[in-house]
Amino acid sequence: TGSSGSGLNQISSPTGLYIDSNNNLYIGDTGSFRVIQQSLSITTNAPSGTIVAGTSGTSGNSSFLNLFSTGVRYLFVDSSQNLYVADTYNNRVMRWASGASSGLMVAGDGTFGSTLNQVYSPYGIWVDSSSNIFVAEYQLHRVTKWAPGATAGIIVAGFTASAGNTTNKLASPAGLYYDEANQDLYIANSATSTSTVMKWHVGDLNGTVVAGLAGTYGSTATQLKSPMGITLDKWNNLYVADRSNSRVQLFCSGT
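Written out as structure tokens, the structure is:
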């Protein structure tokens with residue numbers, strides 16, 4: 007409606023967004039501690055959505071109903087309409103089955119730390135066709151992969167708690183995209199001093215910079231500054247939410 011609130015036709019401080027294969031829009035409604043689902047077949051000026059995760063007006067980590075007040079940053083919906091939420095400040099990834107009234111913790115244990123059974127400030131998430139979950143851990147400068155039912159992840163990019171500009175390191179990874187056909191992870195290094203997007207083939211020890219210039223930042227067409235969200239189109243062109251430059255950059259495939 008353009009006004010903040012907790013009604014089903016209102017949202018408050020929205021962050022994460024995702025559109026599924028059925029043309030449903032999912033909104034991380036951070037200010038109301040919930041995720042809203044809204045069909046894009048809109049016929050009114052103030053459409054009402056449906057709460058599909060969290061509890062309106064309630065934050066916390068004691069219940070799998072609740073999401074932390076500033077933590078709904080990145081979302082993912084798989085082909086079975088399961089909703090995955092990077093619950094950043096509760097240090098966990100949650101999954102809500104379609105129609106479920108409560109969620110299940112599927113990565114991390116709800117505490118921060120650097121062991122492989124923990125995730126520390128999860129940002130970007132991706133779920134492949136085998137239900138493996140990839141998690142960009144902002145504070146630990148790594149991406150971990152969690153097999154279905156696993157109690158610990160494995161590192162597939164970066165080093166734990168070691169940031170840098172070299173091709174074997176990440177720096178505050180945020181946005182994440184997985185090209186499953188080619189087994190390539192695209193990772194946005196959001197640390198201002200790094201400001202790049204890397205392509206990292208799963209199983210490799212090093213990645214390749216595909217957007218931005220390692221070790222520098224700026225506003226020219228070849229530079230980024232604190233990139234966050236990323237996505238690819240069907241031609242493998244890369245789109246980057248260049249946060250501190252207040253723009254979206256397009257990097258054509260092969261350039």
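According to the numbering used here, the stretch in the sequence shown is residues 7 to 261, in order.
Where is the CB? At the ideal position from N, CA and C, for every residue including glycine.
By the criterion of a C-beta distance shorter than 8 Å, Ile25 is surrounded in its chain by Leu31, Tyr32, Leu46, once the five residues flanking it on both sides are discounted.
Rounded to whole angstroms, the Cβ separation of Ala113 and Gly159 is 7 Å, and the two are in contact under 8 Å. In the three-state reduction of the DSSP assignment, Thr222 falls in the coil class. Rounded to whole angstroms, the separation of the alpha carbons of Leu219 and Thr117 is 34 Å. Going by DSSP, His207 is part of the beta strand (DSSP E) stretching over 202 to 207.
Ranked by Cα distance from Asn188, the options Trp206, Thr198, Lys175 are led by Trp206.
When the alpha-carbon of Tyr192 is set against those of Thr261, Ala180, Ser27, Ala169, the nearest one is in Ala180. Take the alpha-carbon of Asn96 and the one of Gly37: they are about 16 Å apart.
A distance below 6 Å between beta-carbons, with the five flanking residues on each side excluded, links Gln87 to the following residues of its chain, in chain order: Ser104. Straight across, the Cα-Cα distance linking Ser85 with Asp93 is about 21 Å. In the DSSP assignment, Ala163 falls within the unbroken beta strand (DSSP E) covering 160 to 164. Setting aside the 5 residues that flank it on each side, Val208 is surrounded in the same chain by Val162, Gln189, each with a C-beta closer than 6 Å to its C-beta; the list follows chain order.
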